[in-house]
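I have placed the structure first, in the form of structure tokens, so that the comments after it can refer back to it.
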Amino acid sequence: MLASKHWLWINLIILCLGQASLAAPKKVFRCPSGCSCSRETIICVGTSSVPRTMPNDINSLSIVNGSLAEITEAMFSLMPSLQLLLLNSNSLTTIKDDAFYGLPHLEYLFIEGNKIETIAKNALRGLRDVTHL
19 MLASKHWLWI
29 NLIILCLGQA
39 SLAAPKKVFR
49 CPSGCSCSRE
59 TIICVGTSSV
69 PRTMPNDINS
79 LSIVNGSLAE
89 ITEAMFSLMP
99 SLQLLLLNSN
109 SLTTIKDDAF
119 YGLPHLEYLF
129 IEGNKIETIA
139 KNALRGLRDV
149 THL
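Here my numbering runs 18 ahead of the position in the sequence shown, where the first position is 1.
This is how it looks when you write it as structure tokens:
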């Protein structure tokens, strides 16, 4: 009886260790060129595009003094935890429909210092928590 309990515990431990080794390792994030990064914040100066890879739990993204020309549909949707988005002093002229789709927690949106000509009718659709625009 004691031997069977012993084998049961060993099998349980092996099963748990096997499951732990199957878990996907956390992807190592490399701060994009032209940006400075901390655990929850990315600040990019002088860039022309949104960084392609970043943690999805980032809560603050700043792209300033760059040449970002337009905000396209769901452009920031891979960052669902974003609370602050600062896009000041770029070359923004167009904000398309559903530009901020997938940002349920966005509270602060800064777009000052741009030459915005067109804001699509549904550009801000889905932004429920924005307190500063």
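A virtual CB, placed ideally from N, CA and C, is assigned to each residue, including glycine.
Item, Value
"Going by DSSP, name the residue or residues bridged to Glu88.", "Thr112"
"Tell whether a beta-carbon distance below 8 Å holds between Ser109 and Leu86.", "yes"
"I want to see whether chain C comes within less than 8 Å of Leu102, judged by CB atoms only; does it?", "Absent from the structure: chain C. Only one protein chain is present."
"Using DSSP's beta-bridge definition, name the partner residues of Tyr119.", "Per DSSP, none; premise fails for Tyr119."
"Here's the rule: buried if 16 or more other CB atoms are within 10 angstroms of the residue's CB, otherwise exposed. What is Pro122?", "exposed"
"Should Ser99 and Asn74 be called a contact, given that it needs their Cβ atoms to be closer than 8 Å?", "yes"
"Taking Thr90 as the reference, give the member of Asp147, Ala141, Tyr126 with the closest Cα.", "Ala141"
"On a CA-only basis, which of Ser80, Leu127, Ala117, Glu135 is nearest Arg143? Give me that one, please.", "Ala117"
"Specify the secondary structure class of Ala138 as computed by DSSP and reduced to three states.", "coil"
"Beta-carbon separation of Asn77 and Leu102 under 8 Å?", "yes"
"With DSSP collapsed to three states, give me the class of Ser56.", "coil"
"Return helix, strand or coil for Phe94, following the three-state DSSP convention.", "coil"
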